[in-house]
Amino acid sequence: MDQQSQLLSELLDKGPVVLGALAGLFALILVIALATGRRSSVVRLIHWELFKETGFLFLLCLGSLLSLIVIGRILQLRELFLGLDLGVWDLAILFFFLSPFFLLLLIPVACMLSVFLTFLRMSTDRELIALKSSGLSLY
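Counting from 1 along the sequence shown, just add 1258 to a position and that's the residue number in my numbering.
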């Protein structure tokens, strides 16, 4: 019983990591927003549309990957949870505090997937060719 409660307290200690990850993400968004401030309105509009689509796909990928990881972790630790006789609210709080650790692993993957899916859709719709032919650089 002592080992189970030690494992549970070790899992709950990783909660404050979320502040660092969210602060870094906020700083990145702020830098991107400030960097596009001196361009023409057309380029700014194109960058804003790309940012909206990439952001939506980022949140979608992050949510789906996080839910898969949490479900897998629940299945791995089900014996521990049944042995400690925890309620649903306790499990929700536990996985809320565990999510920063998972986010540190999933944010780069979700970012890569969102950029890849955005440019894949643009390539499928031939928007990349239209941007290149109009003289706008993608880099």
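Note that the Cβ used here is the ideal one computed from N, Cα and C, for glycine as well.
Taking the Cα positions, ILE1351 is about 10 Å away from SER1357.
Given a length threshold of 4 residues, each whole run of the alpha helix (DSSP H) inside the segment 1336-1384 is given here in chain order: 1336-1342, 1346-1382. Taking the Cα positions, GLU1337 is about 13 Å away from GLY1330. For the pair of segments examined, the segment 1317-1330 was found not to touch the segment 1387-1396: the number of CB pairs separated by less than 8 Å stays below three. Here THR1376 is buried, its C-beta having at least 16 other C-beta atoms within 10 Å. In the DSSP assignment, LEU1394 falls outside any alpha helix (DSSP H), carrying neither H nor E.
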